[in-house]
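Here the structure comes first, spelled out in structure tokens, and everything after it is commentary.
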Amino acid sequence: MREFTEILRQTKEKAPLVQCITNFVTVNDCANIILAAGGSPAMTQDPREVEEGIENACALVCNMGAIGYAGSMVLAGKRANRLGKPAVFDPVGVGGTTLRRDTGARLLEEVHFSVIRGNASEIRWLAGEGTRGSGVDVSLADAVTEENLPQAAQMVRRLAQKTGSVVAVSGEIDLVTDGNRTAAFRNGCPTMARITGSGCMLTALTGAFCGAAPDDCFAAACTAAAAMGVCGELAEKRRLETKAGNASFRIYLIDAVFNLTEEQFQEAVRYEIL
Amino acid sequence: MREFTEILRQTKEKAPLVQCITNFVTVNDCANIILAAGGSPAMTQDPREVEEGIENACALVCNMGAIGYAGSMVLAGKRANRLGKPAVFDPVGVGGTTLRRDTGARLLEEVHFSVIRGNASEIRWLAGEGTRGSGVDVSLADAVTEENLPQAAQMVRRLAQKTGSVVAVSGEIDLVTDGNRTAAFRNGCPTMARITGSGCMLTALTGAFCGAAPDDCFAAACTAAAAMGVCGELAEKRRLETKAGNASFRIYLIDAVFNLTEEQFQEAVRYEIL
Amino acid sequence: MREFTEILRQTKEKAPLVQCITNFVTVNDCANIILAAGGSPAMTQDPREVEEGIENACALVCNMGAIGYAGSMVLAGKRANRLGKPAVFDPVGVGGTTLRRDTGARLLEEVHFSVIRGNASEIRWLAGEGTRGSGVDVSLADAVTEENLPQAAQMVRRLAQKTGSVVAVSGEIDLVTDGNRTAAFRNGCPTMARITGSGCMLTALTGAFCGAAPDDCFAAACTAAAAMGVCGELAEKRRLETKAGNASFRIYLIDAVFNLTEEQFQEAVRYEIL
Numbered sequence: 003m004r005e006f007t008e009i010l011r012q013t014k015e016k017a018p019l020v021q022c023i024t025n026f027v028t029v030n031d032c033a034n035i036i037l038a039a040g041g042s043p044a045m046t047q048d049p050r051e052v053e054e055g056i057e058n059a060c061a062l063v064c065n066m067g068a069i070g071y072a073g074s075m076v077l078a079g080k081r082a083n084r085l086g087k088p089a090v091f092d093p094v095g096v097g098g099t100t101l102r103r104d105t106g107a108r109l110l111e112e113v114h115f116s117v118i119r120g121n122a123s124e125i126r127w128l129a130g131e132g133t134r135g136s137g138v139d140v141s142l143a144d145a146v147t148e149e150n151l152p153q154a155a156q157m158v159r160r161l162a163q164k165t166g167s168v169v170a171v172s173g174e175i176d177l178v179t180d181g182n183r184t185a186a187f188r189n190g191c192p193t194m195a196r197i198t199g200s201g202c203m204l205t206a207l208t209g210a211f212c213g214a215a216p217d218d219c220f221a222a223a224c225t226a227a228a229a230m231g232v233c234g235e236l237a238e239k240r241r242l243e244t245k246a247g248n249a250s251f252r253i254y255l256i257d258a259v260f261n262l263t264e265e266q267f268q269e270a271v272r273y274e275i276l
Numbered sequence: 003m004r005e006f007t008e009i010l011r012q013t014k015e016k017a018p019l020v021q022c023i024t025n026f027v028t029v030n031d032c033a034n035i036i037l038a039a040g041g042s043p044a045m046t047q048d049p050r051e052v053e054e055g056i057e058n059a060c061a062l063v064c065n066m067g068a069i070g071y072a073g074s075m076v077l078a079g080k081r082a083n084r085l086g087k088p089a090v091f092d093p094v095g096v097g098g099t100t101l102r103r104d105t106g107a108r109l110l111e112e113v114h115f116s117v118i119r120g121n122a123s124e125i126r127w128l129a130g131e132g133t134r135g136s137g138v139d140v141s142l143a144d145a146v147t148e149e150n151l152p153q154a155a156q157m158v159r160r161l162a163q164k165t166g167s168v169v170a171v172s173g174e175i176d177l178v179t180d181g182n183r184t185a186a187f188r189n190g191c192p193t194m195a196r197i198t199g200s201g202c203m204l205t206a207l208t209g210a211f212c213g214a215a216p217d218d219c220f221a222a223a224c225t226a227a228a229a230m231g232v233c234g235e236l237a238e239k240r241r242l243e244t245k246a247g248n249a250s251f252r253i254y255l256i257d258a259v260f261n262l263t264e265e266q267f268q269e270a271v272r273y274e275i276l
Numbered sequence: 003m004r005e006f007t008e009i010l011r012q013t014k015e016k017a018p019l020v021q022c023i024t025n026f027v028t029v030n031d032c033a034n035i036i037l038a039a040g041g042s043p044a045m046t047q048d049p050r051e052v053e054e055g056i057e058n059a060c061a062l063v064c065n066m067g068a069i070g071y072a073g074s075m076v077l078a079g080k081r082a083n084r085l086g087k088p089a090v091f092d093p094v095g096v097g098g099t100t101l102r103r104d105t106g107a108r109l110l111e112e113v114h115f116s117v118i119r120g121n122a123s124e125i126r127w128l129a130g131e132g133t134r135g136s137g138v139d140v141s142l143a144d145a146v147t148e149e150n151l152p153q154a155a156q157m158v159r160r161l162a163q164k165t166g167s168v169v170a171v172s173g174e175i176d177l178v179t180d181g182n183r184t185a186a187f188r189n190g191c192p193t194m195a196r197i198t199g200s201g202c203m204l205t206a207l208t209g210a211f212c213g214a215a216p217d218d219c220f221a222a223a224c225t226a227a228a229a230m231g232v233c234g235e236l237a238e239k240r241r242l243e244t245k246a247g248n249a250s251f252r253i254y255l256i257d258a259v260f261n262l263t264e265e266q267f268q269e270a271v272r273y274e275i276l
């Protein structure tokens with residue numbers, strides 16, 4: 003856990019520039035959550051400049067919600083690989099349509115990602131399992147639960163070993179693995195599924211932490227999963243206190259990242275090494 | 003009124019997937035208001051996947067603010083028509099430029115929309131009346147008022163009969179008609195015109211309710227008009243209490259949809275059948 | 003100062019339509035801040051309609067964050083020039099990549115801008131000075147400080163004289179000049195750099211004020227710099243009172259513009275003529 007709080011601190015100190023190619027639905031939230039954590043966001047997606055952009059950045063985030071910019075993701079991803087900078091992949095809706103399946107496969111073939119972060123439906127599809135996901139939201143049948151936890155951990159481990167990436171699956175239980183070490187996180191709240199962008203923001207945060215700690219993307223992805231869950235709980239507490247709804251919750255979630263102290267984090271985080 | 007509250011409830015129970023092709027200005031708000039009502043938003047607009055996307059969706063929303071994606075709207079709209087799924091059209095700024103006039107005419111020719119929802123300038127233009135609208139905002143001269151209510155009702159009825167669509171015009175007074183039944187709604191507040199996206203969000207909400215009640219899009223459009231007006235009033239109350247401005251109002255509006263109870267709704271709604 | 007409060011008032015009375023070609027990250031905030039000030043935003047960017055759009059508008063805003071729409075900026079800008087309507091330019095990230103350098107140079111060559119508003123790195127690059135900016139955020143080494151204020155004022159004056167534009171550089175100290183008169187503003191707060199869009203929103207606000215006072219874009223740009231700084235302080239006060247973070251701050255900032263009174267403005271504004 004000490005390394006998690008160290009990564010939180012390093013992000014504030016280093017202010018890593020995070021280059022994001024991300025979808026238009028949640029791009030503002032992704033930029034603001036990177037800023038909340040202490041990072042500096044750059045949301046360029048034009049194929050004519052993404053390679054040059056990555057030169058100055060500490061990390062790259064490729065969010066497949068920006069499906070029209072897959073070409074930019076390949077260009078920026080290859081450059082990040084060459085420069086040894088971490089690249090984070092969010093396979094938004096990968097099982098949902100032919101275009102997304104093809105694009106997801108192409109990206110994994112052409113770019114090596116340090117971290118792949120998705121919901122259970124997306125990660126299951128990448129792992130070659132059947133999935134019932136019908137869009138960008140996770141299918142209930144795919145979710146990681148206490149019952150299927152051992153099998154789910156096995157599944158993400160296999161995907162991590164196959165891809166050489168840290169794999170993070172988020173939901174009620176979050177799993178993060180590098181194919182060897184695997185951690186489970188049990189923070190968060192149901193309202194996170196009632197806003198758009200919880201997943202995208204977690205991916206952006208993962209990018210910021212990888213930018214601050216590029217030598218340990220497993221710890222960075224764990225820190226992101228833990229911080230997002232803890233901040234979800236803090237935001238939900240404030241939402242209930244103010245009798246607010248999902249739109250306020252989204253604001254409170256980013257606020258919680260902005261104000262998160264190491265004490266809050268250590269007190270609230272619930273995780274185990276599997 | 004009972005059917006309105008039933009539609010609110012059905013949306014929460016069924017969680018309809020609503021496929022939106024909508025503009026980049028308000029896309030985040032549209033997704034969050036669909037979630038607030040209990041629906042599930044998908045904001046795909048790529049022509050290579052919108053047809054496949056509609057297979058899993060309960061309803062389609064075409065917002066002409068996404069003017070560059072008119073081709074996607076035609077593809078998705080035709081598919082929705084073939085599958086018998088409701089399609090909702092927001093003719094954003096249709097009278098304003100040649101491009102918008104042509105695109106609006108093309109969309110109405112190629113796709114049958116279950117509901118057309120716009121402001122008074124947009125609806126008047128579609129009805130073939132002169133309009134003084136100069137952009138995306140309604141012209142004062144076009145607004146539906148107590149004085150011109152009978153003529154305005156006649157105008158929307160004619161458009162509904164011509165298109166075979168439910169027609170909804172929003173403003174200080176909202177009118178919804180299927181060409182036969184016509185209802186007038188008198189909820190809402192002026193601050194709704196001081197944020198961007200009130201109209202887009204109402205269209206998105208109409209899509210969610212049509213997805214929950216595809217067999218009665220008139221009732222669904224009425225429910226959306228009523229709920230939006232009631233939530234506008236609740237949001238304005240909270241804005242004044244917290245001495246806040248238009249940006250908070252936008253958050254409070256979505257929050258109000260999230261927290262709306264049947265009691266709040268029934269107590270506040272003001273409508274009549276014309 | 004009286005002319006500043008007059009411009010605030012004129013914007014509310016005239017409700018100028020402001021045509022913005024602006025980036026997808028902060029477009030919603032830009033529209034809402036224009037509405038907060040009393041203006042009416044139109045965010046069209048399609049090259050097929052931007053020229054027609056400008057016919058009805060009072061001012062044009064070209065934000066180079068929308069790098070893919072530089073062609074639309076040229077079309078709309080030339081039309082605005084022909085119609086004698088003010089055009090405001092935000093050279094987002096202009097020093098950062100070859101594409102941005104080329105696009106910035108092209109825009110300045112083809113369009114005459116009434117106001118150029120950027121951060122210190124961007125403005126220094128346009129002025130032909132070396133800059134250490136590496137992206138959309140200002141480099142510390144470029145910032146305007148009490149120490150380098152005379153040289154910085156000289157630099158912006160030269161750029162204003164060369165371009166015939168009002169030049170506004172924002173940061174801890176804001177400078178606005180028409181090449182002759184130069185004013186320095188010392189409002190604002192550090193949290194403004196912890197949200198995305200402070201700069202874009204200031205540019206949008208400048209567009210709204212230029213639309214209300216097209217005959218005095220220097221006063222309009224001064225009013226925008228002053229109002230943004232004052233509202234930043236009001237927002238920060240409210241953020242601390244509510245123990246909130248950067249996401250709330252962004253909402254509070256727009257709220258402060260919405261609720262800004264002439265008394266608040268006059269009491270808080272800190273500026274001098276150099």
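If you read the sequences in order, they're chains A, B and C. Whatever position you read off the first sequence (first residue = 1), add 2 for our numbering. Whatever position you read off the second sequence (first residue = 1), add 2 for our numbering. Whatever position you read off the third sequence (first residue = 1), add 2 for our numbering. Virtual Cβ for every residue (Gly too), placed ideally from N, Cα, C. Just so you know, these numbers come straight off a predicted model, no measurement behind them.
Chain C contact for residue i (CB, 8 Å cutoff)
i, result
"A33 of chain A", "yes"
"S74 of chain B", "no"
"E15 of chain A", "no"
"G70 of chain B", "yes"
Proximal chain A residues relative to residue i, where beta-carbon distance stays under 8 Å
i, result
"F267 of chain C", "In chain order: nothing, as chain A lies at least about 26 Å away."
"A38 of chain B", "R196, G247, N248 and A249"
"R102 of chain C", "E51"
Cutoff 8 Å: residue i Cβ touching any chain A Cβ
i, result
"M45 of chain B", "yes"
"V29 of chain B", "yes"
"I197 of chain B", "no"
"D48 of chain B", "yes"
"N261 of chain B", "yes"
CB contact below 8 Å: residue i versus chain B
i, result
"S172 of chain A", "no"
"G55 of chain C", "yes"
Chain-ordered chain C contacts of residue i [CB-CB under 7 Å]
i, result
"S250 of chain B", "I253 and D257"
Presumed contact (8 Å Cβ cut-off) between residue i and residue j, rounded CB distance
i, j, result
"N65 of chain C", "T205 of chain C", "6 Å"
"N189 of chain A", "V271 of chain A", "6 Å"
"I23 of chain A", "M75 of chain A", "5 Å"
"G130 of chain A", "M194 of chain A", "Contact flag wrong, Cβ pair sits at about 27 Å."
"I256 of chain B", "N34 of chain B", "5 Å"
"E53 of chain B", "A78 of chain B", "6 Å"
Partner residues on chain C for residue i, Cβ-Cβ distance less than 8 Å
i, result
"F26 of chain A", "F26"
Chain B contact residues for residue i, given Cβ-Cβ distances below 7 Å
i, result
"T99 of chain A", "E51, E54 and G55"
Check your understanding: Does the pairing of the segment 238-245 of chain C with the segment 170-188 of chain C give three or more beta-carbon distances under 8 Å?
Key -> Too few Cβ pairs lie closer than 8 Å, so no.
| request: Inspect the CB distances between the segment 7-25 of chain B and the segment 52-61 of chain B and report whether three or more fall short of 8 Å. | output: The segment 7-25 of chain B makes contact with the segment 52-61 of chain B; the number of CB pairs closer than 8 Å reaches 3 or more.
### Query
Three or more C-beta pairs closer than 8 Å, one from the segment 108-127 of chain C and one from the segment 188-205 of chain C: is that the case here?
Inter-segment contact for the segment 108-127 of chain C and the segment 188-205 of chain C is present: three or more beta-carbon pairs are separated by less than 8 Å.
Checklist line | Three CB pairs or more closer than 8 Å across the segment 204-214 of chain A and the segment 35-47 of chain A | finding: With three or more CB-CB distances shorter than 8 Å, the segment 204-214 of chain A counts as touching the segment 35-47 of chain A.
*the segment 161-171 of chain A / the segment 111-119 of chain A touching (three or more Cβ pairs under 8 Å)*: Yes, they touch.
Worksheet item: Counting Cβ pairs closer than 8 Å, one from the segment 149-158 of chain C and one from the segment 247-262 of chain C, do we hit at least three?
Response: The segment 149-158 of chain C is not in contact with the segment 247-262 of chain C.
- Query: Which ranges would you report for the alpha helix (DSSP H) in the segment 25-84 of chain B if only whole runs of at least 4 residues count?
  - Reply: Considered as a whole, the segment 25-84 of chain B harbours 29-39 and 52-58 as its complete alpha helix (DSSP H) runs of no fewer than 4 residues, in chain order.
May I have a chain-ordered list of the alpha helix (DSSP H) segments no shorter than 4 residues that lie completely inside the segment 193-257 of chain C? With a minimum length of 4 residues, the continuous alpha helix (DSSP H) runs that stay inside the segment 193-257 of chain C are 200-214 and 219-243.
Worksheet item: Which full runs of the beta strand (DSSP E) of 3+ residues lie inside the segment 88-172 of chain A, going along the chain?
Response: Taking only runs of at least 3 residues, the beta strand (DSSP E) segments lying wholly in the segment 88-172 of chain A are 89-92, 117-121 and 168-172.
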